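According to full-length UniProt numbering, the sequence shown is numbered sequentially starting from 1.
Working notes for the structure below.
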Amino acid sequence: MRIRMTDGRTLVGCFLCTDRDCNVILGSAQEFLKPSDSFSAGEPRVLGLAMVPGHHIVSIEVQRESLAGPPYI
1 MRIRMTDGRT
11 LVGCFLCTDR
21 DCNVILGSAQ
31 EFLKPSDSFS
41 AGEPRVLGLA
51 MVPGHHIVSI
61 EVQRESLAGP
71 PYI
């Protein structure tokens with residue numbers, strides 16, 4: 001799952017759960033910074049388990065091939 005945030009960061013990880021406030025928990029998450037003019041996007045930062053506040057989420061994308069996998073990890 002890929003989540004784009006209001007500050008330009010992108011988090012990629014495995015969806016674990018959500019709550020009534022639309023917060024999302026990702027497992028094995030990596031953070032990608034928004035590329036700027038001064039430097040290009042470097043290596044992702046490994047976060048592991050990450051909670052993404054719902055009010056900071058701009059978009060959520062799911063890879064199609066991940067839909068064919070088992071419903072659990």
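Cβ atoms here follow ideal geometry from the backbone N, Cα and C, with glycine treated the same way.
Quick caveat: nothing in here was measured; it's all calculated off a predicted structure.
First through last residue of the beta strand (DSSP E) which encompasses residue i
i	result
C22	Premise fails: C22 is in no beta strand (DSSP E) and is neither H nor E.
E43	From DSSP, E43 is part of no beta strand (DSSP E); its letter is neither H nor E.
R4	2 to 5
V58	57 to 61
Alpha-carbon to alpha-carbon, residue j and residue i
i	j	result
G13	L33	15 Å
residue 86	I57	Past the boundaries of the shown model lies residue 86; the chain is included only from 1 to 73, so the question cannot be answered.
D19	I60	15 Å
E43	I3	17 Å
D7	R45	16 Å
I73	P35	Model confidence at I73 stands at a pLDDT of 49, short of 50, so the residue's coordinates are unreliable; what they give is reported in the following sentence. Each residue's Cα considered, the two are about 32 Å apart.
R9	Q30	10 Å
Residues near residue i by beta carbon distance below 6 Å, same chain, minus five either side
i	result
G54	D21, C22, N23
M1	F15, V62
Contact check, residue i vs residue j, beta carbons under 8 Å
i	j	result
I25	M5	no
Contact with chain B by residue i, beta-carbon distance below 8 Å
i	result
C17	Note that chain B does not occur in the displayed structure, where there is just one protein chain.
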